[in-house]
Amino acid sequence: MIDKATDSGLKQGFQSHLAETKNHIQRLEQVFKMHDVKVEGVDCPAIDGILKEAKEVSGEVEDKQVLDAALIAMAQAVEHYEMTRYGTLIAWAKQLGRADCASVLEQNLKEEKAADQKLTGLAERGINAKAA
Ligand SMILES: [Fe+2]
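Quick note on this note's numbering: the sequence shown kicks off at 62 and runs consecutively.
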């Protein structure tokens, strides 16, 4: 998506969220350690589906300005999915008396929400209008 974006703000937004996402992984690993559980990656069919759709859509859109708007829509689908998962994990952590884990996860949720709002701002402050 970084490579496909043509709007400089969008490209930069994707790059900075990629860096944040690397920190999210470290925080998740931290939560595993706090539970004394081995860190293990698993496939996520939901995210794989969203990414598959993103690839298909971006292959179908030729107009670069329309593509930027489509990339925002697809990125927001990912962010919203991540937000639902963090919201659930935070609620479960609190229910289990693990406010320590919840607070680590809340940092990730906060950055996912900020990334989503940044995308909305980019769309509403020019990219959608150019695409139209
Ligand atoms: Fe994200």
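Positions of the beta carbon are idealized from the N, C-alpha and C atoms, including for glycine.
Please classify residue i: is it buried, with 16 or more other beta-carbons within 10 angstroms of its beta-carbon, or exposed?
i, result
"cysteine 162", "buried"
"histidine 78", "buried"
"valine 92", "buried"
"valine 103", "exposed"
"lysine 116", "exposed"
"lysine 113", "exposed"
"asparagine 169", "buried"
"isoleucine 86", "exposed"
"glutamate 90", "exposed"
"lysine 179", "buried"
Suppose you measure from the CA of residue i to the CA of residue j; what does that come to, to the nearest Å?
i, j, result
"glycine 158", "cysteine 105", "27 Å"
"aspartate 177", "valine 98", "30 Å"
"glutamate 173", "methionine 144", "6 Å"
"alanine 193", "glutamine 156", "46 Å"
"methionine 62", "lysine 191", "18 Å"
"leucine 128", "phenylalanine 75", "14 Å"
"glutamine 126", "threonine 149", "35 Å"
"alanine 154", "aspartate 124", "45 Å"
"glutamate 121", "leucine 132", "12 Å"
"isoleucine 188", "arginine 88", "32 Å"
"alanine 184", "histidine 96", "40 Å"
Can you tell me where the alpha helix (DSSP H) with residue i in it begins and where it stops?
i, result
"lysine 65", "No alpha helix (DSSP H) holds lysine 65; DSSP gives it neither H nor E."
"cysteine 162", "160-183"
"valine 139", "125-156"
"glutamate 117", "106-121"
"lysine 191", "189-192"
Determine the closest residue to residue i out of the options, with distance taken between C-alpha atoms.
i, options, result
"glycine 182", "Thr145, Ala134, Ser164, Ala152", "Ala134"
"isoleucine 151", "Val139, His141, Ser164", "Ser164"
"leucine 71", "Met95, Lys83, Ala130", "Ala130"
"arginine 146", "Leu166, Ala136, Gln137, Ala160", "Leu166"
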